[in-house]
Amino acid sequence: IEYYDPSFGEHGQLLSTAARMMDRGTGRRWLIRHERSLSGPAGHLRDRLHETGKVRLAVGVPEADERGAEATYFHNNAWIVRGFENWARLLRRLVDFEKLRSFSETLGLCAKSF
1 IEYYDPSFGE HGQLLSTAAR MMDRGTGRRW LIRHERSLSG PAGHLRDRLH
51 ETGKVRLAVG VPEADERGAE ATYFHNNAWI VRGFENWARL LRRLVDFEKL
101 RSFSETLGLC AKSF
């Protein structure tokens with residue numbers, strides 16, 4: 001994302017917005033064309049959740065302009081999980097089952113850990 005410092009919640013919102021666009025009629029070609037732009041933030045979020053070797057709540061900033069306020073925020077983690085759920089739906093449309101399995105495992109661990 002070409003933005004000065006998005007929060008994790010904003011990454012999750014991006015994934016959810018892409019899923020909403022697909023639900024409202026954006027063609028599969030659009031998704032294929034933008035898959036790399038979406039998988040980058042999705043992978044970054046997954047990596048942050050697994051930072052310590054096990055899934056835990058992500059520590060980050062609440063908003064882009066609050067760089068000094070790094071902490072664990074409910075809204076960030078809620079949007080991460082929601083974004084993952086939507087990203088999994090998009091991966092099914094892309095028929096990318098390897099990535100789907102990876103994100104599904106993370107979602108399952110989130111459900112157990114949070």
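Heads up: the sequence shown runs through residues 1 to 114, numbered per my numbering.
Where a beta carbon is used, it is the ideal one built from N, C-alpha and C, also for glycine.
- Linking Glu98 to Gln13 through their CA atoms gives a straight-line distance of about 23 Å.
- His11 is positioned such that its CB atom lies closer than 8 Å to that of His44.
- In its chain, beyond the 5 residues on either side, Trp30 have a beta carbon closer than 8 Å to the beta carbon of Met21.
- For Gly68, there is no enclosing alpha helix (DSSP H), as DSSP marks it with neither H nor E.
- Annotation for Gly12: the continuous alpha helix (DSSP H) segment containing it runs Phe8 to Asp23.
- One Cα belongs to Ser16, the other to Leu91, and the distance between them is close to 13 Å.
- Counting only the Cα atoms, Arg28 lies some 20 Å from Phe103.
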